[in-house]
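Numbering (the numbering used here), first residue to last: 1 to 514.
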């Protein structure tokens with residue numbers, strides 16, 4: 001074989017690289033077109049107030065948003081730049097992990113399965129911590145695998161750096177770090193490494209990533225940790241939690257989920273038979289995904305937690321190509337095809353979401369936002385700024401933190417929030433108090449007037465009790481509150497109400513709206 005021929009890409013590599021290029025272009029387009037949803041607007045706001053840590057999650061997400069907007073400006077693509085880079089890197093990181101374990105051919109197939117996994121479509125186009133967490137988690141697994149296989153000090157140092165980044169990214173990096181620690185403690189090969197300096201250097205560097213989080217919690221009476229590990233979840237058995245498991249089967253697609261279960265069993269069998277590499281991958285998969293299955297009946301179900309086990313599925317993809325290869329050809333092809341079709345369907349849904357406004361104009365009454373959290377914020381802010389000029393108000397207030405964050409993203413110098421319940425339920429009330437943007441901070445503006453923006457309905461659902469509570473709070477603060485305008489989008493899918501509030505501190509209001 002000639003030297004040129006030996007360097008020619010295999011068919012598997014060529015297909016994966018072509019698919020990666022297409023997926024990367026799709027994610028770049030989505031990142032530049034999808035409006036920011038509520039969490040992204042809040043992370044953008046955090047990036048305007050750089051700090052060692054924050055009340056909801058560690059600081060890396062806000063730091064990444066700040067770096068991206070510093071390079072590309074404050075538009076959608078700037079906010080999402082580093083999340084996009086992280087999301088697009090995951091198939092290549094999978095290849096890097098898998099190649100020394102299963103060979104180049106199966107490593108490319110594992111990278112292709114990353115692209116086919118439906119849950120991966122959302123990794124990259126959105127400025128959320130999980131886009132960083134998946135990439136950092138994969139990189140850590142690859143570095144730790146090399147460190148424990150070769151003993152090379154550079155891989156131990158790299159592992160420590162990635163652990164530190166993981167802790168700076170999210171509390172949910174902890175299962176991966178714990179998996180590495182348990183491997184070192186409970187396997188013969190792992191304990192051999194503890195006799196050298198590598199694991200200890202890794203641990204010392206990695207624990208530095210906890211310093212900002214621990215400092216923040218020490219200063220603020222452990223409120224962030226209390227929210228994440230005590231208040232966020234009921235920690236009481238609820239059979240509804242088993243829905244989480246069925247949802248995972250559907251999101252991964254039933255056939256591929258079945259092969260992942262077989263891959264996990266294969267890793268366990270290999271570990272029992274003395275395959276140290278299979279043992280390491282088993283620890284990562286079991287802790288990375290299994291902890292959420294185990295705790296699902298005890299976790300809160302009002303949160304979008306469907307993506308939490310994703311990083312634990314990825315080590316299973318290392319051996320999944322071998323499992324697929326040993327299955328009947330029709331079954332393996334059907335498995336990959338079904339997953340790919342599901343991924344394409346999700347991508348098309350995101351594309352439709354990105355073009356809700358244009359589609360609505362072409363077919364009013366027929367096309368609605370698939371997720372109203374992404375849309376309507378720019379229209380809300382534009383209307384607010386016009387009313388602010390007409391009414392000559394001093395302050396702008398959002399009824400809850402998502403409205404306030406979007407008002408600031410779209411140009412308001414400052415926007416306050418008066419609905420502490422929503423912020424508390426999402427672990428963000430403390431952050432608005434730190435920034436002096438909550439109801440308490442309004443005490444320093446006695447006698448001033450405000451434009452108050454209220455999210456009255458979302459997904460077509462009105463919340464009369466919440467409206468009553470918010471207006472009651474507003475009327476206790478101001479001497480006069482009058483309805484100013486109403487903005488209904490997509491036939492009432494999303495509705496905003498605007499109030500002109502005057503004489504702050506002179507409440508209760510003489511004329512409270514009903």
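Each residue gets a CB set at the ideal place from its N, CA and C atoms; glycine is no exception. Since this is a predicted model, take the numbers as computed values, not measurements.
The Cβ atoms of residue 137 and residue 176 lie closer than 8 Å to each other.
The Cβ atoms of residue 492 and residue 443 do not sit closer than 8 Å to each other. Membership of residue 164 in the alpha helix (DSSP H) is indicated by the continuous run 153-169. With contacts defined by Cβ atoms closer than 8 Å, residue 494 and residue 372 form a contacting pair. Residue 349 and residue 58 have their C-alpha atoms roughly 31 Å apart. Taking C-beta separations shorter than 8 Å and ignoring five residues to either side along the sequence, the partners of residue 298 in its chain run 233, 234, 235, 236, 237, 238 and 241, following chain order.
Cα atoms of residue 332 and residue 323: separation of roughly 9 Å, rounded to the nearest angstrom. In the three-state DSSP reduction, residue 97 falls in the helix class (H, G or I).
The beta carbon of residue 126 lies closer than 7 Å to those of 40, 80 and 83 in the same chain, with the five residues before and after it left out. Two segments are said to touch when three or more pairs of C-beta atoms, one from each, lie closer than 8 Å; by this definition the stretch 414-430 touches the stretch 468-478. Proximity to residue 111 across 375, 506, 16 and 144 peaks at 16, based on C-alpha coordinates. Excluding the 5 residues flanking it on each side, residue 142 has same chain C-beta neighbours closer than 6 Å at 96 and 97, in chain order. Residue 356 is classed as buried because its beta carbon has at least 16 other beta carbons within 10 Å across all chains shown. With a threshold of 16 other beta carbon atoms within 10 Å, residue 204 falls short and is exposed.
In the same chain as residue 346, and ignoring 5 residues on each side of it, the C-beta atoms closer than 8 Å to its own belong to 118, 121 and 122, in chain order.
Contact annotation, residue 450 with residue 394: C-beta distance approximately 7 Å; criterion of less than 8 Å satisfied. Three or more Cβ pairs closer than 8 Å define a contact, and the stretch 24-42 meets that threshold against the stretch 398-411. Under the three-state reduction of DSSP, residue 497 is assigned to strand. A direct Cα-Cα distance of roughly 7 Å separates residue 447 from residue 502. With fewer than 16 other CB atoms across the displayed protein chains lying within 10 angstroms of its CB, residue 326 is exposed. Rounded to the nearest whole angstrom, the C-alpha separation of residue 270 and residue 245 is 26 Å. Following the DSSP letters along the chain, one finds residue 14 inside the alpha helix (DSSP H) bounded by residues 11-33. By the neighbour-count definition (other C-beta atoms within 10 Å, threshold 16), residue 273 is an exposed residue. Assignment of residue 440 by DSSP, reduced to helix, strand and coil, places it in the helix class. With a cutoff of 8 Å on beta-carbon distance, residue 452 and residue 382 are scored as not near each other. Residues 141, 179 and 315 of the same chain have their beta carbon placed closer than 6 Å to that of residue 284, with the five preceding and five following residues left out of the count. In this structure, 108 is the residue among 27, 19, 30 and 108 with its C-alpha nearest to the C-alpha of residue 321. With 16 or more other Cβ atoms inside 10 Å of its own Cβ, residue 145 counts as buried. Sequence-distant partners of residue 433 (beyond 5 residues in either direction) whose C-beta falls short of 7 Å from its own C-beta, in its chain, are 440. The residue from 389, 215, 308 and 190 with its alpha-carbon nearest to that of residue 292 is 308.
Annotated as distal: residue 445 and residue 387, with beta-carbon spacing of 8 Å or more.
Judged by DSSP secondary structure, residue 398 falls outside any alpha helix (DSSP H) and instead within the beta strand (DSSP E) spanning 395-398. For residue 487, the enclosing beta strand (DSSP E) starts and ends at 478-489. Here DSSP, grouped into helix, strand and coil, assigns residue 193 to helix. Within its own chain, the residues whose Cβ lies closer than 8 Å to the Cβ of residue 215, once the five positions on either side in sequence are excluded, are 52 and 53, listed in chain order.
Take the alpha-carbon of residue 105 and the one of residue 92: they are about 14 Å apart.
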